[in-house]
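What follows is a set of notes on a single structure, which appears directly below.
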Amino acid sequence: MKDLKRDYLVKTFSRTKRKDYENYIINGIWHKLNRIDIQPITQQYVKRSDGKYALIDLYFPQINLGITYSICQESRYIGTQQV
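Residue numbers (my numbering): 13 to 95.
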């Protein structure tokens, strides 16, 4: 069973390859949570309140938590929201 979980995590986190800062953030959040009972999903489509769709960078469906972040020269932003 652990191999299935490991393989899922490797596949999920590999979606951020060549995005060093994004990979750093996702892995940092995952390790700080320190919970193997939740399953992270990257690039999750969600319906916004205006009826349009958006991508959440990191989503944990078991606890209904979405994390999005933006990286630019001037500032870095990490936000969370209940989905």
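Idealized CB from N, CA, C, for every residue including glycine. Remember, predicted model here, so these are calculated numbers, not experimental data.
- Residue 80 is not a Cβ neighbour of residue 53, given a cutoff of 8 Å.
- DSSP lists no beta-bridge partner residue for residue 33.
- Residue pairing by DSSP places residue 58 opposite 66 in a beta bridge.
- Pairing residue 27 with residue 56 gives a Cβ-Cβ distance that is not under 8 Å.
- The beta-carbon separation of residue 70 and residue 41, rounded to 6 Å, stays under the 8 Å limit for a contact.
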